[in-house]
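These protein sequence lines map, in sequence, to chains R and S. Using my numbering, count along the first sequence one by one with no gaps and you end on 333. Using my numbering, count along the second sequence one by one with no gaps and you end on 618. For glycine and all other residues, C-beta sits at the position ideal for the given N, C-alpha and C. What you are looking at is a predicted structure, and each value in this text was computed from that prediction instead of being measured. Below: one structure, written as structure tokens.
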Amino acid sequence: MTTAQSALARSSASPRSWRGAGLVAVLAAAVALPWLLAEQGYPLRVACLILLFASLAQAWNIAAGLSGLTSLGHAGFFGAGAYVSTILLIRFGITPWIGLLAAALVGALLAALLSLPTLRLRGHYFALATLAFGESMRVIANSWSDLTGGPVGISVPFSEPSFIAMQFQSLRAYYFIFLAALVITCLVFARIRRSALGLRLRALKNHPDAAASLGVDTVRAKFTVAVISGALTATLGVLYAQFMFFFDPDTVFGLAGISVRAALIAIIGGIGTLAGPIIGALLIIPVEELSNLLFSSKAAGLSQLVFGTVLILVVLLQPRGLLALLGRTERRR
Amino acid sequence: MEILQALINGLLIGGVYAVVSIGLTLVFGVMSIINFAQAEFLMLGMFVAFFCWQYLGLDPLLGSLVAFAVVFVLGTFVQRILIERVLHAPEVAQIFLTVGLLIVLENAALIAFGSEFRSVRVPYQTWAVEFGGLIVGVPYLLAFTISLIAGASLWAFMRFTWIGQAMRATAQDPTAALSLGINAKLIRRIAFGLGVGMTALGGAVILPYFTASPTVGGQFVVLMFTAVVLGGLGNVLGAVIGGLTVGVIQTLSTLVLPIQLQNLVLFVVFILVLALRPEGLLRQK
């Protein structure tokens, strides 16, 4: 065997094990990190936000990256989740852990309802319809004051810190909950991509007409991912509510703050890739937090301005995201 | 009587919506790109007219011409620097380019102008005329009239000038237009400039009865898209009819619904039209 051949053999055999080792290393680092940072410190808080928004971007990525459902309305699910669990907690004293389940149900239901009129739409039209969905959820939350508290917002009632109340003294607890959320969304993403459903989705995303004529039930395949993505996004809204303790309709149903941010993070890292949302969140959230920290008193819109500029630059320079820019696109299996 | 009054108010507001929406549909017609940032150009138009009023004492109705001109020029640059580059890019890139533009414009305005609400004072602000028991606010009537003139001018421009014809040719078949010696790039630049300019003009003429702020665009986004989708994306006449319809739907729903739910009616109409007739109510043969 020539050296070239053996090199070839090695390179085709090793990426998998390298990838496995890399994954273990990243996870180990992620688990170790909170012990290196102050328990109540700002850096750990930023780390929590990175995990939460990486999960959100991954949930968006499940719909948009895998099947081309470019949603501009994921805030509709996120906010619904936040309100469902918080209202259950305030009115009936139900633990947010059950709130998570309720939120997932509501998110799935909303996604199913939204899918009925929108799944047959393509590209721009789908984006428009989902934009309208997110915005109408915001309007509903603002006007249905009896239930939501309206524009003034709603607070998660304080209680003794405990696991059951999902309230903790230490930020480390939140960190690990969010890390678990990220691992779960990533596993769901990877699982769908590798499944037969993933194959069908890829076919219909690249060649919708060809896929349909080959007998792929395009609407059903898209419906499945839309519902999964909606349910996951709603549960992340619950985690956000428990972490922030206070929120209002314009925040959790925000177009720029939630819907576009979720998309931006995935796009910056690499849309449709497993690592994209994580890389995107690692870049975007610290930059945003830093500019908030440095300039918030001077200019209110500055971090958002940076955020919009980054979005435009990425789209113009490399629409497939930073992963592609670094020249290591993920291998397709 | 109440219904008739609401109908008239709706048509008057709808006329402005029509002009605002023409801009959006024009851009889509020529380039097949939805400009999600369109409403931000309405905001810019409002601010241009506001500053013309504040520093030059120019009435916003005249200021609307300045707003049109300024935003037209800005639009040609946006087309040249940004939009032109994603014409053949994946849809995701097209969508998020204009979404990014939306965020940049809104927050740049927030930094430059501050978050306070600004309104003009003009003598006719509180005037109203009466026709057989129906009351019509003068600012609404004037805004409607200017919008009508602007819409008609655009129609004449598209119909009778060489550039207008070239624009329609480019919209129908870019390749054929190119082979006829039409400079498609230049035409697209003018089209985008005209599109955002019309929207800016619509923003300026409502200044006597509408407060300007950097976030004002958000109030027009859905309404604009509803109007355009009702009429069929890319269809200019459709946008006019869509705009008028949206105005009427809005005022009629005030009769039966609480204020905040009025917007919801539009969302429902919007999603229904998208779902049932995405090509618009006036299907082009």
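Residues bridged to residue 451 of chain S [DSSP beta-bridge criterion]
S/545
Put residue 55 of chain R into one of helix, strand or coil per three-state DSSP.
helix
So, under 8 Å CB-CB, residue 357 of chain S and residue 371 of chain S are touching, yes? Tell me the CB distance rounded to an integer number of Å.
5 Å
In chain R, which residues lie less than 8 Å from residue 507 of chain S when you measure between Cβ atoms?
Near residue 507 of chain S there are no residues of chain R at all, since even the closest Cβ is about 18 Å away, more than 8 Å.
Establish whether the CB of residue 378 of chain S and some CB of chain R are separated by less than 8 Å.
no
Note down, in chain order, each residue of its chain lying with its Cβ closer than 6 Å to the Cβ of residue 385 of chain S, except the 5 sequence neighbours on either side.
391, 396, 399
Buried or exposed for residue 380 of chain S, please, with buried defined as at least 16 other CB atoms from any protein chain shown within 10 angstroms of its CB.
buried
At what residue ranges does the segment 476–543 of chain S contain a whole run of the alpha helix (DSSP H), taking only runs of 4 or more?
495–505, 507–512, 517–538
Can you list the residues of chain S that residue 58 of chain R reaches, using a CB-CB cut of under 7 Å?
Per Cβ cutoff of 7 Å: no residues; residue 58 of chain R is ~16 Å from chain S at best.
Starting from the Cα of residue 228 of chain R, find the closest Cα among R/103, R/129, R/37 and give me that residue.
R/103
So with Cβ pairs under 8 Å, would you call residue 307 of chain R a contact of chain S?
yes
So, helix, strand or coil for residue 158 of chain R, using DSSP?
coil
Flag this pair as yes or no: are the beta carbons of residue 216 of chain R and residue 226 of chain R separated by less than 8 Å?
no
Proximity winner among S/419, S/425, S/539, relative to residue 377 of chain S (alpha-carbon distances)
S/539
Answer with buried or exposed for residue 111 of chain R, where buried requires no fewer than 16 other C-beta atoms within 10 angstroms of its C-beta.
buried
Start-to-end residues for the alpha helix (DSSP H) that takes in residue 289 of chain R:
276–295
Reducing DSSP to helix, strand and coil, say where residue 307 of chain R ends up.
helix
Taking one C-beta from the segment 417–436 of chain S and one from the segment 313–324 of chain R each time, how about it: are there three or more such pairs within less than 8 Å?
yes
Note down, in chain order, every chain S residue with its Cβ under 9 Å from the Cβ of residue 76 of chain R.
Residues of chain S passing the Cβ test: none, with the nearest at roughly 11 Å.
Under DSSP, the beta strand (DSSP E) around residue 462 of chain S begins and ends at which residues?
461–464
Check the C-beta distance from residue 602 of chain S over to residue 484 of chain S and give it rounded, since I have them as a contact under 8 Å.
Contact doesn't hold; Cβ gap of about 22 Å is too wide.
Quick one: list the residues of chain R neighbouring residue 383 of chain S, beta-carbon separation under 7 Å, in chain order.
Within chain R, no residue comes near residue 383 of chain S; the closest Cβ sits about 18 Å away, beyond 7 Å.
Cβ pair count under 8 Å reaching 3, the segment 511–519 of chain S against the segment 342–359 of chain S
no
How many whole angstroms separate the CB atoms of residue 365 of chain S and residue 560 of chain S, which I take to be in contact at a CB cut-off of 8 Å?
Between residue 560 of chain S and residue 365 of chain S the Cβ distance is about 19 Å, and since that is not below 8 Å, they are no contact.
Give a yes or no on whether 8 Å exceeds the smallest Cβ distance from residue 424 of chain S to chain R.
yes
Which chain B residues sit within Cβ distance under 9 Å of residue 157 of chain R?
Reference to chain B is not applicable here, since the protein chains of this structure are R and S.
List the residues that DSSP assigns as beta-bridge partners of residue 470 of chain S.
S/461
Using the three-state DSSP reduction, which class does residue 247 of chain R fall into: helix, strand or coil?
strand
Residue of S/533, S/432, S/451 minimising C-alpha distance to residue 479 of chain S
S/533
Opening and closing residue of the alpha helix (DSSP H) in which residue 269 of chain R lies:
261–269
Is the number of C-beta pairs between the segment 84–94 of chain R and the segment 198–212 of chain R that are closer than 8 Å three or more?
no
Throw me the rounded Cβ distance for the residue 263 of chain R and residue 80 of chain R pair, which I believe falls under 8 Å.
Not confirmed; about 18 Å, so no contact.
Quick one: any contact between the segment 441–460 of chain S and the segment 542–552 of chain S, if contact means 3 or more CB pairs under 8 Å?
yes
By DSSP's criteria, residue 167 of chain R is part of a beta bridge. Which residues make up the other side?
R/162
Tell me which same chain residues have a C-beta within less than 8 Å of the C-beta of residue 212 of chain R, skipping the five on either side of it?
204, 218
Fully enclosed by the segment 561–617 of chain S, which alpha helix (DSSP H) runs are 4 residues long or longer?
569–589, 592–609
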